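Numbering (the UniProt record's numbering), first residue to last: 1 to 326.
Here is the structure we will look at.
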Amino acid sequence: MTKIAIVEGDGIGREVIPEAEKILRFFLPNAEFVKVELGFDQWKKTGSACSKENMTTLKEMDAVLFGAVTTPPDPEYKSVLLEIRHELDLYANIRPVKSESVDLVIVRENTEGLYSGIEEIGEDKSTTLRVITKAGSRRIAEKACSLNIQRNQNTPLVIGHKANVLKSDILFRDTCITVAESQNLPVRSMFIDALCLDVLLHPDRYDVIVTTNMFGDILSDACGYLTGGLGMLPSANIGENHALFEPVHGSAPDIAGRNIANPIAAVRSAAMLLEYLGMKTEAEKIEKAVQQTLSLRIVTPDLGGNASTRDVGENILAKISEHQRS
Ligand code: NAD
Ligand code: IPM
Ligand code: MN
């Protein structure tokens, strides 16, 4: 039996995930859904953001649907999401950016770079170690190349880096070039700062962009500009043995608890989860229902509408079941 963990987390995670979960349950009526409580609220309640048992549960699942967790900038508090990405070795963070006129995907290295976790925090001097390894660069490059081949858009693989200043990026860039060339794929390497602007100006020139951990984090939020905002962007965190699906956005404390968060990023993350389980047709049905809901203008305030989180979720589900019946 398929086992899916449902992690709502904090803030708007608690509002958007129930909408995505309803859709997952519709397509997976026989799956086992296991609710896992973790995050900042859980830390405040119990002193632990994610218990050992919870981590074990996540590892036993076929896939995880994840909302968002609050991570305060406190040196004593380690992000539970980063802990999960490391523990489950979810090295590939796949972040598609899609709208009527845009179709590209950011492949973000998800386990090293500036997120190595190796830090020394002092009063007068604080350091964070940026770790780039050949093995880590190779596996993310291979993932990006296979996506590039699969998408077959005849657009070169773009490598986003900062090798002029961060010499550690020479290893990342060159490893990506070697992997792409070994597969006869055209590749273009670009400095990440110039890339950030160019992708917003000319998104049609891009298909797959591979980059290091923090550059991918920043680039993916910036690309929200191309799709109507953060409420639209889903993501997949994939490893050899585990997978976790989550919106790109965070817990949005500024709008939490008001039933106005856009659930589309969460719903699309559920679609990516189904595709990962081999249910591509079902994933496409979800996207079709999202498109219909958008064209009916049943949208939350971030997209200029006045629908609630629940209205949008229920409409998407209603469209899906209409198709299923017809
Ligand atoms: P955020 O993504 O939570 O919010 C940024 C802005 O986008 C806010 O104005 C918010 O209202 C808006 N927004 C985000 N998602 C939206 C949605 N679905 N619908 C409508 N508007 C939406 O980023 P932040 O404010 O920088 O961070 C808040 C907290 O979330 C922090 O503690 C941060 O560490 C955490 N965070 C968690 C994750 C995660 O768990 N995956 C990701 C990013 C940030
Ligand atoms: C994301 C988030 C996380 C990250 C934070 C909350 C740890 O911003 O998933 O994009 O930086 O990776
Ligand atoms: Mn981010």
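The beta carbon of each residue, even a glycine, is placed where N, CA and C say it ideally should be.
Predicted model only: the values in this text are computed from it and were never measured.
Query raised in the report: Is the distance from the Cβ of Ile316 to the Cβ of Val267 below 8 Å?
Result: yes
**Report entry** Residue span of the beta strand (DSSP E) that contains Asp103, given as start and end
**Finding:** Asp103 to Glu109
Report task. Starting from the Cα of Asn237, find the closest Cα among Lys78, Gly9 and Ile84 and give me that residue. Result -> Ile84
Query raised in the report: Within this structure, are the beta carbons of Val102 and Pro253 separated by less than 8 Å?
Result: No, the pair does not count as a contact, with Cβ atoms beyond the cut-off.
Query raised in the report: What separation, rounded to the nearest whole angstrom, lies between the Cα atoms of Gly160 and Leu129?
Result: 20 Å
Report task. Could you have a look at Glu32 and say whether DSSP puts it in helix, strand or coil? Result -> strand
Query raised in the report: Alpha carbon to alpha carbon, how far is Ile260 from Gly11?
Result: 12 Å
Query raised in the report: My guess is that Asn262 and Leu303 are in contact by the Cβ rule of under 8 Å, so how many angstroms apart are they, rounded?
Result: 7 Å
Query raised in the report: Are the Cβ atoms of Leu24 and Thr2 separated by less than 8 Å?
Result: no
Query raised in the report: What do you reckon, are the CB atoms on Gly239 and Asp89 nearer than 8 Å?
Result: yes
Query raised in the report: Mind checking Pro96: buried by the 16 CB within 10 Å criterion, or exposed?
Result: By the 10 Å Cβ count, Pro96 comes out buried.
Report task. List in chain order: all unbroken beta strand (DSSP E) runs of 3+ residues lying wholly within the segment 68 to 133. Result -> 92 to 98, 103 to 109, 119 to 121 and 126 to 128
Report task. Just grab the DSSP bridge partners of Phe27 for me. Result -> DSSP lists no partner for Phe27.
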